[in-house]
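Just below is one structure, and these are the notes that go with it.
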Amino acid sequence: MTQFLSYDQTGATAVIRLWSPPVNALSRGVRIVLYDAIMRAAEDPGVRAVVLTGNGRIFSAGADISEFRSGSMFAGRDLTQVIGLLDALDKPIVAAIEGSALGGGLELALGCHARVAAQDATLGLPEIRLGVIPGGTGTQRLPRLVGVDAALRMMIGGEAIDAAQAKAIGLVDAVATGDVVQAALDFAERLAQTGSTRRTSELAVRGADTADLQLDTWHPFIKRVKAPAYAASQILACVHDAIRLPFAEAVRQERQRFEQCNASEAAQGLQHAFVATRAAAKLPASYAGAKIRDISRVAIIGGGTMGRGIAMAVAQGGFDATVIETDPERAAAALDTIRGEYQRQVTSNRIDAQRAQQLSSRIQACAVFEAVRDADLIIEAVYENLDIKREIARRLGQACRPGAIIASNTSTLNIDLLAKESGRASDFLGLHFFSPANVMRLVEVVRGQATDDAVMATAMDFVRRIAKSPVITGVCYGFIGNRMLEPYLREVEALLLQGCTPARIDAALESFGMAMGPCRMMDLAGVDVVAKVVEERGKQSSLPDDPHYRIVCRQLAGLGHFGQKSGQGFYTYDGRRIVDDGAAIGSIAALAARHGIAPRAGIDANEIVERCLFPLINEGFSIVEEGIAYRESDVDVVWLAGYGFPAERGGPLFYARRLGLRVVGQRLRHYAAEFGDAHGYWSLATTIGAVADLDTKEPA
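Plus 55 on top of the position in the sequence shown (first one is 1) and you've got the working numbering.
Below, the structure is given as structure tokens:
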């Protein structure tokens, strides 16, 4: 074995096996030795055929993304050259695909003369999720094998398909029922006997005569799969090139279009998000050597919306879960609701009946608190009330077995206070799931002052095993996400009091790219729930000394405008229709008048975006400065995964640095001058203040 691959020979067939853990990324070094290995097989008269495969767990997950960012992906032997050599080989070469063949990995397989996949293989071209197009001839080869429509759905949708689907559309030639490498060897031998080399570059594009490559035609699909528009348009253009241009010229066009996409702001934001998410999931070096504890059974205290969602996420990850409620009827109702949700997933074809039964069997419910003794991890997920959570923490400290880990799902409260109440602070931490917990990927892993390193290491491992994105945060009000949410919603309410309607505010922020406007978000979460969080904070004497602070949500909650669940919130809900709620708008106007707040004319979308997002960004930098977050990119991950910040912008702090911290600082100063800063709402974080022009002139 040489570095990055092994080269062996079985009879007259060379077997080239990629070996670049963990995912066989096609870095510059891999490409160089792979090219040399292919040349070796080409020049060896004793070799009649070649099999290209991975390391037994994965074929290849594609390009090394760091090379996208550094611009070195075309250094040395680029992927197009390697694939071109495969295609031109005068000996049959067969890809044996185990595990995943994604991105450049699938393009490598497309360059082979045939493809044999294991039954559990997955294949896809997900480059669009990084804001780019397939850049290793994938836009040219895939339509030739599977047809225009299937190719566009794979490339624009970015989703991987399984081996059976791949066989059905012509992407693979065979699905192995046994050893995939042996099946590929047999396939290669048959090709060698017939002298067949089926080069994809020489095939006609399937479906070219009926292809509709108009952007307008594909726009609904692009919107549905939330694909970056520019990259999607370039994929369409590349497929059009595949139909009308000679192969070599179309490949040159693909290269240019890839480079244009890679230079776009959307690509830079998406690639930052990709790297940031993986960085956040890794334990910092300071935890090196921490031993991970065994987790097999998880108990969840509380069978409400959050508790049920956590139980489903735990079951999805392969763990047994027990939901503990206050009485048998509540426990039974929680279990019935979970089973009903699985049945809805079966009805909508998201899972099959066998999978639903498997997941349901992992979840039980009971009304016996002492059942926590059987659990390795206990997650408290009751109503956000400090007194209730303190009492549960105390009881858990007494009831749980030694070595069990105790976690609170609190979204805002002091983990150190709860840990102290438990009497087992070293075994205590926060696991803040986001609702619905069985869907949302983010989990804030809250390290308390006394949390043991092994507990943190175990929690991070557990969150990854249930397919969530963990981000470590320290203890403060709201941790990372909800602490930043406060200034965001504060300014939303200030704008409402100044005469903006919920629809205007939501439209401005959704146009910026937020997945959901803040007023719609509060209606979905429950305006009463939002108001109670503010009230709970007030009980802890931690609200600003501002008579206007967050008074809108409390007013609406007091009027019974609870949001979607009551049919009225910031909006009125009539079936699927969402319309302005005249009563809410009138109530807010009356509230403003009582507080002496006059309507302001001329508030445009740009001001709405700046006033809502720049204080949020400012708070994010303060969180990093205080050591609550390890790095700026962790803050970005929280808002990308938990709050719908547009991925193409990379996260709030990445966006701020692209925009320029000087610009952000100037605009914060501008609003401080306009509205005053008696409560410190516009005071600059140190990072922003260090570069901001303190002159209050408008930025050029």
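The beta carbon of each residue, even a glycine, is placed where N, CA and C say it ideally should be.
Taking a 10 Å sphere around the C-beta of I443, we find fewer than 16 other C-beta atoms and assign the residue as exposed.
Judged by their CB atoms, I672 and G529 are not nearer to each other than the 8 Å cut-off. Runs of the alpha helix (DSSP H) spanning 4 or more residues and lying entirely within the region 507-555 occur at 508-520 and 536-552, in chain order. Collapsing the DSSP output to three states places L338 in coil. In the structure shown, H295 adopts helical secondary structure according to DSSP, grouped into three states. Rounded to whole angstroms, the Cβ separation of I461 and V501 is 12 Å, and the two are not in contact under 8 Å. Residue environment: E729 is assigned as exposed (fewer than 16 neighbouring CB atoms within 10 Å of its CB, all protein chains considered). Check the Cα spacing between C667 and each of A696, R261, I560 and G699: the tightest is with I560. In this structure, DSSP gives F424 a helical state, which the three-state scheme calls helix. The beta carbon of Q326 lies closer than 7 Å to those of I120, F123, R124, L185 and G186 in the same chain, with the five residues before and after it left out.
Listed in chain order, the beta strand (DSSP E) runs fully inside the region 208-277 are 229-231, counting runs of at least 3 residues. The beta strand (DSSP E) runs of length 3 or more contained entirely in the region 344-401 are, from start to end of the chain, 352-356 and 375-379.
By the criterion of a C-beta distance shorter than 7 Å, T57 is surrounded in its chain by V88, once the five residues flanking it on both sides are discounted. The C-beta of H295 has 16 or more other C-beta atoms within 10 Å across all chains shown, which makes the residue buried. Residue environment for L178: buried (at least 16 other C-beta atoms within 10 angstroms of its C-beta). CA-to-CA, the gap between Q610 and A549 works out to about 14 Å. Scanning E153, L140 and A266 for the CA closest to the CA of R112 turns up E153. In the DSSP assignment, G193 falls within the unbroken alpha helix (DSSP H) covering G193 to V201. A check of alpha carbon separations from K146 across V679, Q136, G166 and S127 identifies G166 as the nearest. In the DSSP assignment, the residues bridged to W74 are F59. Closest by C-alpha distance to E703, out of V235, A286, R254 and G158, is A286. Excluding its 5 nearest sequence neighbours in each direction, P339 has C-beta neighbours in its own chain below 7 Å: Y685, listed in chain order.
If you look at R649, you'll find it in the alpha helix (DSSP H) that goes G637 to R649. When the Cα atoms are used, L564 and D635 turn out to be separated by approximately 17 Å. DSSP places S463 inside the beta strand (DSSP E), whose first and last residues are I460 to S463. In this structure, the CA atom of D482 is about 21 Å from the CA atom of E439. By DSSP's assignment, L484 forms a beta bridge with A462. Within 10 angstroms of the beta-carbon of R538 lie 16 or more other beta-carbons, which makes it buried. Ranked by Cα distance from A321, the options I633, A334 and I183 are led by I183. Ranked by how close their Cα comes to the Cα of N661, the residues R399, I365 and S566 have S566 in first place. Comparing alpha-carbon positions, the option among S524, V526 and G478 lying closest to A505 turns out to be G478. Boundaries of the beta strand (DSSP E) around L432: L432 to E435.
V306 is positioned such that its CB atom lies closer than 8 Å to that of Q195. Note that the C-beta distance between I658 and C555 is below 8 Å. Under the criterion of beta carbons closer than 8 Å, V692 and V526 qualify as touching, at roughly 5 Å. The region 332-350 makes no contact with the region 209-226, as fewer than three CB pairs between them are under 8 Å.
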